[in-house]
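In the working numbering, the protein residues as written are 103 to 633. Remarks on the structure that follows.
This is the structure:
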C-alpha cells in the first residue's frame, strides 16, 4: 500500500506517518512535508522521484502529473486501467493525506494583500483530493488531522479501510473543496477596483453544516433541518449544549434564538420570555430570580409554554420558581447541580446551556468581523421567490449620548434609563412594535400589527390584563410616529416619556403634541423595523 502525504498544516502528521510506516505502508511526500518526515528518520520517497520531474515555479507545480493522478484515479477493478498503469510503470496510490494552503486564515489577516491571497490558492492539492475522492472505492483521502486517529485504528485492526469509511472520507473531501473554493470566490468577488472590499460580494456562497434533521417544520406537513454556519459565532444559539429534554422543534429553535439574542444584549441580570418569536416579557433584576419574576408578571398568559432565556447562571431558587410553569425551552449560560436536579422531574423541558460571548470581542480567524466577535450575525438573510435578500445585521447600539430630547419637558435620569431599556426591547419585537416599560421591566408589548396605533392599544390591553399600571411609564416605538394620534394613544394609556426614531414629515406636529400633553419625547435617529 502506498500513501502520498502533502500537508500545509503539519499537526500530528509525523505520528501518523510513523504509524503508517509501522504498518508497512510506503510513504511518498512533497517539499517541506518530505523534509520533515526524513528529518524524523522516516523512509520517504519525494514526489519528484515518482513523477521524474522536479518541483518547479516555487512549488506551484509538483503533483500535477499522470504518475500521481494515474495512481489515484485508476480503478483496480478495470483490467484496462490496471494494464495502463503497468504499461506506463505507474504505481497505485491507496491513501492520500492532504490539507490545503491556508487561504481562509491568510485572507482573515488585516494586512493581507491580493498577492498574499493569490499565493495561498492551492492548485495541486484540490486536484489530488478530487481525484482520490472520485475514486473512493479504491483510495482513502484524508483532508483533516481529526481524521487520522479513526483511520489509523481501522487500518491497524483490519489492514484496510471499509467502503463506508472511504465513502465518508470522500464526502468530507468534496465538502472541504467546496468550502475552500467558496472562500476564494467570496474573497475575490468582494474586491473593488480601488482595492477595498464590499460587504456584499458579487456572488454569495453560503456554507452551512447540518446539525440535525427535525421532526417537521413550522407545521407538521413541512420537512425541516437545522444547520449552522461553517464558522459559528461564539455565544450563538448553534453553540448550545442541550442538557436535557425532548428534541428541539423548528419553532423551538426560532423562538430560542429570538430569546437568546435579546437577553444577551443586557449587561445586568436579565430574563426574556418569548412566545411566537416576540418577547412577551423582559425584565432586569438584582439577580435571575427577580428578573424572571418581573418578566413573567408582564404577560403570564402568553408566558405559558414559552421560551425563557437568562443571561446569568440559573440557581436553585430560580429553578424552583420557573418549574412551577409550563416551559418549552429554558436557556442560561450555566445551571447549578441542584437546579438541574429540579428539572429532572420535568424531563420534557429542554435545557440549553450557552456560553455568553465576550462583550469586548474575542480572537478569531475571520478578520474585521466585530459583530461575529460578539456572538452576533454580521449579515442577515431572508429568502424570497428564487432569490435572497442580504443585509448587515441590525446591531446598532444606542447610548445616552445618542439621544436627542426634542420636547420642552426634560427627562429625569430614571426616565432615561427606562427609555433605553424600552428601546432595547423594541428592537426584538416584530414591527409595528410598541413597548411600555418602567423600573427595568416590560409592562405591555404590542407586536406585528399593520397599524402602529393598534400595536399601542394591544400593548395597553396586555398591561391591563396583567393588572399593571401604565401611569408614568416609558414607551418605545420601533419607527417614527407618522401622525400625532400614535403619541396621543400611548399618553392616554399613561405614558410620561416616549422614545422613537423621529424623521417623519410631521415631526413638528408630533413634538407639539408632546409639549401639549406635557410628556418627554426623545429621538434616536435610528429605527428598528423587524419584519
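C-beta: ideal position from N, C-alpha, C; glycine also. Source: prediction; values computed, not measured.
Delimiting residues of the alpha helix (DSSP H) encompassing residue i
| i | result |
| --- | --- |
| residue 419 | 418-424 |
| residue 597 | Looking at the DSSP string, residue 597 is not in any alpha helix (DSSP H); the run it does join, the beta strand (DSSP E), is 597-602. |
| residue 606 | Careful: residue 606 lies outside any alpha helix (DSSP H) and carries neither H nor E. |
| residue 483 | Where residue 483 is concerned, there is no enclosing alpha helix (DSSP H), although the beta strand (DSSP E) it sits in stretches over 481-486. |
| residue 188 | 181-189 |
| residue 291 | 265-291 |
| residue 138 | 133-141 |
| residue 414 | Segment: none, residue 414 is in no alpha helix (DSSP H) and carries neither H nor E. |
| residue 122 | 115-124 |
| residue 230 | 226-236 |
Whether residue i touches residue j by CB criterion (9 angstroms)
| i | j | result |
| --- | --- | --- |
| residue 458 | residue 413 | yes |
| residue 448 | residue 429 | yes |
| residue 576 | residue 536 | no |
| residue 628 | residue 504 | yes |
| residue 451 | residue 347 | yes |
| residue 363 | residue 478 | yes |
| residue 171 | residue 233 | yes |
| residue 640 | residue 600 | Coverage of the chain is limited to positions 103 through 633, which leaves residue 640 absent and any answer about it impossible. |
| residue 164 | residue 146 | no |
| residue 391 | residue 420 | yes |
| residue 433 | residue 365 | yes |
| residue 103 | residue 196 | yes |
| residue 546 | residue 578 | no |
| residue 398 | residue 367 | no |
| residue 624 | residue 515 | no |
| residue 539 | residue 549 | no |
| residue 591 | residue 511 | no |
| residue 86 | residue 557 | Outside the displayed range of the chain (103 to 633) lies residue 86, so it cannot be described from this structure. |
| residue 613 | residue 588 | no |
| residue 616 | residue 508 | yes |
| residue 375 | residue 404 | yes |
| residue 565 | residue 400 | yes |
| residue 268 | residue 227 | no |
| residue 437 | residue 422 | no |
| residue 585 | residue 608 | yes |
Beta strand (DSSP E) segment containing residue i, residue limits
| i | result |
| --- | --- |
| residue 501 | It is not in any beta strand (DSSP E) - residue 501 carries neither H nor E in the DSSP assignment. |
| residue 381 | 380-386 |
| residue 201 | 197-201 |
| residue 312 | 310-316 |
| residue 539 | 536-540 |
| residue 245 | Premise fails: residue 245 is in no beta strand (DSSP E) and is neither H nor E. |
| residue 625 | 622-625 |
| residue 346 | 343-346 |
| residue 493 | 489-494 |
| residue 148 | 146-148 |
| residue 321 | It is not in any beta strand (DSSP E) - residue 321 carries neither H nor E in the DSSP assignment. |
Cβ shell of residue i (< 6 angstroms), same chain only, five flanking positions each side left out
| i | result |
| --- | --- |
| residue 192 | 169, 172 and 173 |
| residue 471 | With a pLDDT of only 48 at residue 471, under the threshold of 50, the placement of this residue in the model should not be trusted; the figure read from the coordinates follows. Excluding positions up to five away in sequence, the list reads 480. |
| residue 224 | 202 and 203 |
| residue 619 | 593 |
| residue 315 | 327 |
| residue 177 | 183 |
| residue 641 | What the structure shows of the chain is the stretch from 103 to 633, and residue 641 is not part of that stretch, so it cannot be assessed. |
| residue 406 | 428 |
Other residues of its chain near residue i: CB distance less than 7 angstroms, five sequence neighbours each side excluded
| i | result |
| --- | --- |
| residue 218 | 208 |
| residue 285 | 205 and 206 |
| residue 426 | none |
| residue 288 | 303 and 307 |
| residue 324 | 318 |
| residue 603 | 581, 582, 625, 626, 627, 628 and 629 |
| residue 167 | 153 and 155 |
| residue 300 | 292 and 294 |
Assumed close pair residue i, residue j - CB separation to whole angstroms, cut-off 8 angstroms
| i | j | result |
| --- | --- | --- |
| residue 230 | residue 200 | 6 angstroms |
| residue 492 | residue 631 | Not a contact, Cβ separation roughly 16 angstroms. |
| residue 605 | residue 572 | Contact flag wrong, Cβ pair sits at about 26 angstroms. |
| residue 235 | residue 275 | 4 angstroms |
| residue 409 | residue 431 | 5 angstroms |
| residue 482 | residue 531 | Rounded, the Cβ-Cβ distance is 16 angstroms, inconsistent with contact. |
| residue 313 | residue 330 | 5 angstroms |
Close Cβ partners of residue i (< 8 angstroms) along its chain, the five nearest in sequence each way excluded
| i | result |
| --- | --- |
| residue 120 | 142 and 144 |
| residue 261 | 125 |
| residue 258 | 121 and 125 |
| residue 254 | 118, 121 and 122 |
| residue 487 | none |
| residue 246 | 201, 274 and 278 |
Inter-stretch contact at 8 angstroms, needing at least 3 Cβ pairs: the segment 104-118 / the segment 180-188 = Output reads no: the segment 180-188 does not touch the segment 104-118.
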